[in-house]
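Participant:
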Amino acid sequence: MENNFYLAWSPDSKIQEMGSSGGAVTSLLKFALENKMVDAVLAVKKRNNSRFDAVPALITDPDLVHEAAGAMHFAPLNMVKIIKEYLDGAMDMRVAVTCKPCDARAFIELAKRNQVHRENLFLIGLNCSGTFLPTVAEQMIREAYGENPQDLAGEEVDGGKLIITLKDGSTREKDLEELARQGFEMRENCLRCSYKIPRMADIACGKWGNKGNAATFIEICSSKGHEFLEAAVQGGALVMETATDEQIEERKRKETEAVENAQAREKKELDELKGYSSQQRLEYWVGHLNRCIKCFGCRDACPICFCKECYLEPYRGCIPGGETPPDIMFQLIRLSHVADSCVNCGQCQDVCPMEIPLTRLYNFLNREVADIFEYEPGVDINQPPPLTTVTDQELFIDPPDIIYEDASAR
Amino acid sequence: MSNDFDPKILAFLCNWCSYAGADLAGVSRMQYPPNIRVIRLMCTGRIDPIFIINALTRGVDGVLIAGCHPGECHYGKGNLYTRRRVLMTKKLLECIGIEPERLHLAWVAASEGPKFAEVVKEFTEETKNLGPNPLATLTREEKGK
Ligand code: SF4
Ligand code: SF4
Ligand code: SF4
Ligand code: FES
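Just so you know, the protein sequences line up as chains A and B, in that order.
Going by the working numbering, the residue at position 84 of the first sequence is 448; the numbering climbs one at a time, nothing skipped.
Going by the working numbering, the residue at position 30 of the second sequence is 34; the numbering climbs one at a time, nothing skipped.
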């Protein structure tokens, strides 16, 4: 079996300094552009040099790739909507995209629904241990760390700690649990997310298992990933060496720990909701949803909501126009539309001006639906969406409440 | 109290099987509760989960869907898509706090007049026991709808 685990870094010392973890991703992107393996790179870039304000950048000049270098934990964006909405789903453009696991999963869900052209995308997955809302992060740096947010030069999450680097090169670290007690938590969808390594992308890059900060640990997840890396190594743009068993183990250990934490958190939250009586649960959700001011932010930010003719528009005749809070159907329609496909990316909740815990609602249903249909959204591009497929086998199953022959054997 | 309660039930019936089954129950003079209001569809595959949720938010106490048995849908697999959608919609209802039992899917062939009467009887009884649909009161009363 071929080895899929490598450590990689840039041979260019300038890039090494600018990027994180040896600048492997930056070098790879630059090489891909220079050699016309892609037409453009879509990555995240700081605006006004602030680590709390990220904007997507479509880069076509190889010499500008470095502008997007480095990880951003305080400004979570979703790249999927941009490809779908403004780049025609990459129908006639080959784009390399850096993506968190939730972005990668949303790409897979949209590709299944013919909204993005997977063949034209080179997905560079970045491992993710979670992100903070910019507003929360800014306040946290000021109050919990006692530093000026403008002095922030970098941040990373490792071993249950949030480590920040200041412009003078010094670092400060704090326990995530301690920060949470002070009211500074990651986005709640991140706390629940158990996809820490984006194996649905073409390659998955991260720090876990690297030696110190000098290299990027890369797992190759597809033949396209293989092809790009091989070309970059041969072209002298990347140095790669096979990861040692020890390094692979170390990475695995960190992943398992993070995944277990996330699963425990998800279980706790969902159990809490399940513990409510129906009446309590209804009051809980109606109470939240009645605060909605119908700004359409959740729909517009959601990568999964892609319809040109949306049911929520008054002319469709479902939701009367000019009313706030909108008819309860407003959220229930959206809920039913993302029931099988929500990837828990958190965008809807991030943009909601009324701070309605939308991802908790969508994620709760999505977990249940995933169980029934044995369907994990955004993982396997060959697994068809469960609400728009049926199998021949189901023709021979009579009971109206099961779709598998032996429900208990699952 | 629940015994006095007269639930409103919306039934979506497939033209080819259950609607004919209902007809047969009628001409055979079988007794079943008069609580259902019927919408006839060419196939249960036409049902969008939104129809169900919308009916419930608009004050219906239960939704019954009846269609052809698997393998007998006139359009191949319309009923199978619906079975999947109903499974999802029941979870959706449960997750927002509506008893999933307010939604019921049954297969009733054109020849199954007695079964149709039985399904309606049982579902009406069950809905009666659940009591009035809380979603309608919670979401609309205060808005005066
Ligand atoms: S519903 Fe919210 S969490 Fe789910 S995919 Fe859409 S934006 Fe992301
Ligand atoms: S709410 Fe439904 S109809 Fe509207 S964009 Fe989202 S998926 Fe499409
Ligand atoms: S973002 Fe929030 S306030 Fe805006 S429409 Fe969605 S739920 Fe309502
Ligand atoms: S024709 Fe009866 S369910 Fe499809």
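From the three backbone atoms N, C-alpha and C, an ideal C-beta is built for every residue, glycine too.
Determine which residues of the segment 617-629 of chain A have a Cβ less than 7 Å from any Cβ of chain B, and write them out in chain order.
Facilitator: Listed by position along the chain: nothing, the set is empty.
Participant: Express the C-alpha separation of ARG663 (chain A) and ASN412 (chain A) in angstroms, rounding to a whole number.
Facilitator: The alpha-carbon atoms of ASN412 (chain A) and ARG663 (chain A) are separated by roughly 28 Å.
Participant: Would you give the residue range spanned by the beta strand (DSSP E) that LEU397 (chain A) belongs to?
Facilitator: Per DSSP, LEU397 (chain A) belongs to no beta strand (DSSP E); it is in the alpha helix (DSSP H), 388-398.
Participant: Does the separation of the CB atoms of PHE496 (chain A) and HIS437 (chain A) fall below 8 Å?
Facilitator: Yes, the pair counts as a contact, with Cβ atoms nearer than the cut-off.
Participant: Verify the contact flag: HIS108 (chain B), CB atom, against every heavy atom of ligand 4, threshold strictly below 7 Å.
Facilitator: No, since every heavy atom of ligand 4 falls outside the 7 Å radius drawn around the Cβ of HIS108 (chain B).
Participant: Exposed or buried, what is ALA578 (chain A) when buried is set at 16 or more other beta-carbons lying within 10 Å of its beta-carbon?
Facilitator: Flag for ALA578 (chain A) reads exposed.
Participant: Closer than 7 Å by C-beta to ALA607 (chain A): which residues in its own chain qualify, once you throw out the five before and the five after it? Chain order, please.
Facilitator: Cβ within range, chain order: PHE369, TYR370, LEU371, GLY573, PHE581.
Participant: With a threshold of 7 Å, establish whether the CB of TYR675 (chain A) neighbours any heavy atom of ligand 2.
Facilitator: For ligand 2, at least one heavy atom lies less than 7 Å from the Cβ of TYR675 (chain A).
Participant: Within a Cβ cutoff of 8 Å, which residues of the same chain sit near LYS409 (chain A), ignoring the five residues on either side of it in sequence?
Facilitator: Around LYS409 (chain A): ALA418, VAL419, PRO420, ALA421, GLU431, ALA432.
Participant: Is the shortest distance between the beta-carbon of CYS99 (chain B) and the beta-carbons of chain A less than 8 Å?
Facilitator: Answer yes: the Cβ-Cβ gap between CYS99 (chain B) and chain A drops below 8 Å somewhere.
Participant: Given this structure, state the Cα-to-Cα distance separating ASP522 (chain A) from ASP635 (chain A), to the nearest angstrom.
Facilitator: Going by the C-alpha atoms only, they are around 28 Å apart.
Participant: Using 10 angstroms around the beta-carbon of ARG680 (chain A), count the other beta-carbons present and answer buried if the total reaches 16, otherwise exposed.
Facilitator: ARG680 (chain A) should be labelled exposed.
Participant: What do you reckon, are the CB atoms on PHE660 (chain A) and PHE592 (chain A) nearer than 8 Å?
Facilitator: No, the Cβ-Cβ distance between PHE660 (chain A) and PHE592 (chain A) is not below 8 Å.
Participant: Note down, in chain order, all residues in the segment 75-94 of chain B with a beta-carbon under 8 Å from any beta-carbon belonging to chain A.
Facilitator: Flagged, chain order: GLY75, LYS81, LEU84, TYR85, ARG87, ARG88, ARG89, VAL90, LEU91, MET92, THR93.
Participant: Give a yes or no on whether the minimum CB-CB distance between ALA703 (chain A) and chain B is below 8 Å.
Facilitator: Chain B contact via Cβ: present.
Participant: Applying the criterion that 16 or more other CB atoms from any shown protein chain within 10 Å of the CB defines a buried residue, is GLU53 (chain B) buried or exposed?
Facilitator: For the sequence presented, residue 53 (chain B) should be read as Pro rather than Glu. Answer is buried; the Cβ neighbour count reaches 16.
Participant: By the 10 Å Cβ neighbour count, where 16 or more other Cβ atoms means buried, how is PHE127 (chain B) classified, buried or exposed?
Facilitator: When all chains shown are included, PHE127 (chain B) counts as buried.
Participant: Which residues, in chain order, does the segment 38-61 of chain B contribute to contact with chain A at a C-beta distance below 7 Å?
Facilitator: Under the 7 Å Cβ criterion, the segment 38-61 of chain B contributes PRO53, ILE54, ILE57, ASN58, THR61.
Participant: On the three-pair Cβ rule with 8 Å, is the segment 22-33 of chain B touching the segment 115-126 of chain B?
Facilitator: Taking 8 Å as the limit for Cβ pairs, the verdict is that the segment 115-126 of chain B does touch the segment 22-33 of chain B.
Participant: Could you give the DSSP three-state label for TYR768 (chain A): helix, strand or coil?
Facilitator: Of the three classes helix, strand and coil, the one that applies to TYR768 (chain A) here is coil, per DSSP.
Participant: Leaving out five residues on either side along the sequence, give the residues of the same chain with a beta carbon under 8 Å from the beta carbon of GLN611 (chain A).
Facilitator: Excluding positions up to five away in sequence, the list reads PHE369, LEU371, GLY573, ASN574, LYS575, PHE581.
Participant: ALA628 (chain A): buried (16+ other C-beta within 10 angstroms of its C-beta) or exposed?
Facilitator: Exposed is the call here.
Participant: To the nearest angstrom, how far is the alpha carbon of GLY600 (chain A) from that of SER377 (chain A)?
Facilitator: If you take the alpha carbons of GLY600 (chain A) and SER377 (chain A), they lie about 13 Å apart.
Participant: Does LEU96 (chain B) have its Cβ less than 8 Å from a Cβ in chain A?
Facilitator: For LEU96 (chain B), the answer is yes, since a Cβ of chain A falls inside 8 Å of its Cβ.
Participant: PRO138 (chain B) versus chain A: which residues are under 7 Å apart at the beta carbon?
Facilitator: Those within 7 Å of PRO138 (chain B) in chain A are GLN643, LEU646.
Participant: I need the straight-line Cα distance from LYS94 (chain B) to ASN730 (chain A), nearest angstrom please.
Facilitator: Computed Cα separation, rounded: 13 Å.
Participant: Cβ closer than 8 Å: which chain B residues qualify as neighbours of GLU673 (chain A)?
Facilitator: Residues of chain B passing the Cβ test: none, with the nearest at roughly 14 Å.
Participant: How is ALA70 (chain B) classed by DSSP in three states: helix, strand or coil?
Facilitator: Residue state, collapsed to three classes: strand.
Participant: I'd like to check one pair, CYS72 (chain B) with ASN58 (chain B): are the Cβ atoms closer than 8 Å?
Facilitator: In this structure, CYS72 (chain B) does not lie closer than 8 Å to ASN58 (chain B) by Cβ.
Participant: Output, in chain order, the set of chain B residues within a Cβ distance shorter than 9 Å of VAL650 (chain A).
Facilitator: Near VAL650 (chain A) (Cβ distances below 9 Å), the residues of chain B are ILE100, GLY101, LEU139, LEU142, THR143.
Participant: Using a Cβ-Cβ cut-off of 6 Å (strictly less than) and excluding sequence neighbours within five positions of MET455 (chain A), which residues of its own chain qualify?
Facilitator: So the qualifying residues of the chain are HIS481.
Participant: Distance check for SER391 (chain A) and PRO375 (chain A), CA to CA, integer angstroms please.
Facilitator: Going from the Cα of PRO375 (chain A) to the Cα of SER391 (chain A) covers about 9 Å.
Participant: Cutting at 7 Å between CB atoms, please list the residues of its own chain near LEU725 (chain A), excluding the five before and the five after it.
Facilitator: For LEU725 (chain A), where only same-chain residues beyond five positions count, the Cβ hits under 7 Å are TRP649, LEU699.
Participant: Quick check on the burial criterion: 16 or more other C-beta atoms within 10 angstroms. Buried or exposed for ASN478 (chain A)?
Facilitator: Result: exposed.
Participant: Identify the contact partners of VAL707 (chain A) in chain B, using a Cβ-Cβ distance below 7 Å as the criterion.
Facilitator: Those do not exist, as VAL707 (chain A) stays about 17 Å from chain B at its closest Cβ, beyond 7 Å.
Participant: Does DSSP put MET504 (chain A) in a helix, in a strand, or in coil?
Facilitator: If DSSP states are grouped into helix, strand and coil, MET504 (chain A) belongs with the helices.
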